[in-house]
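Since the structure comes first, as structure tokens, the remarks are kept for the end.
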Amino acid sequence: MEAGFVVAPVAVGFVYGGMAPAILEDLALSYQAEAGIQARHWAMWVFPNGSSVPVPTQIDSNQVPAIRACLLLKRTLQKVAQLEMRRMSEADKFNINTALSQLDQMNTIGIA
Numbered sequence: 670m671e672a673g674f675v676v677a678p679v680a681v682g683f684v685y686g687g688m689a690p691a692i693l694e695d696l697a698l699s700y701q702a703e704a705g706i707q708a709r710h711w712a713m714w715v716f717p718n719g720s721s722v723p724v725p726t727q728i729d730s731n732q733v734p735a736i737r738a739c740l741l742l743k744r745t746l747q748k749v750a751q752l753e754m755r756r757m758s759e760a761d762k763f764n765i766n767t768a769l770s771q772l773d774q775m776n777t778i779g780i781a
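Take any residue in the sequence shown, count from 1 to its spot, add 669: that is its number in our numbering.
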């Protein structure tokens, strides 16, 4: 089941705090490998449960389904959290843990 989402003007720094640059850098590599594109600009797909998933503006959900975008973000968040754990502030840890919980919730209830 494909989830409905809206493209919203949400700043990635607002959602992911100080880890936003590392997250976008890793996601850019994932999208380059996945879809063969170089991310130039980012949009935020916001799902009904509040999950905010950054995706390159050059793609849409026909090229990379929402479920795949969510899984790429989840993998990136786990990787960044592991690599940057010592540098992360409490707010960054909270933001990443909240995002991971929301992504897990989406998979559990079948939103994405």
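For every residue, glycine included, the Cβ atom is placed at its ideal position computed from N, Cα and C.
By the criterion of a C-beta distance shorter than 7 Å, alanine 691 is surrounded in its chain by Val749, Glu753, once the five residues flanking it on both sides are discounted.
Inter-residue distance for serine 721 and alanine 677 is about 9 Å (C-alpha atoms, whole angstroms). The three-state secondary structure of methionine 775, taken from DSSP, is helix. Taking all protein chains shown into account, leucine 693 has 16 or more neighbouring C-beta atoms within 10 Å of its C-beta and is therefore buried. Contact between isoleucine 765 and leucine 740 is absent: CB atoms are separated by about 16 Å, not below the 8 Å threshold. For valine 676, the secondary structure class from DSSP, reduced to helix, strand or coil, is strand. Looking at the DSSP output, methionine 713 shares a beta bridge with Ala677, Pro723. Residue state for methionine 757 is assigned as coil, using DSSP reduced to three classes.
Going by beta carbons, tryptophan 711 and valine 681 fall inside the 8 Å limit. In this structure, the beta-carbon distance from alanine 697 to alanine 708 falls below 8 Å.
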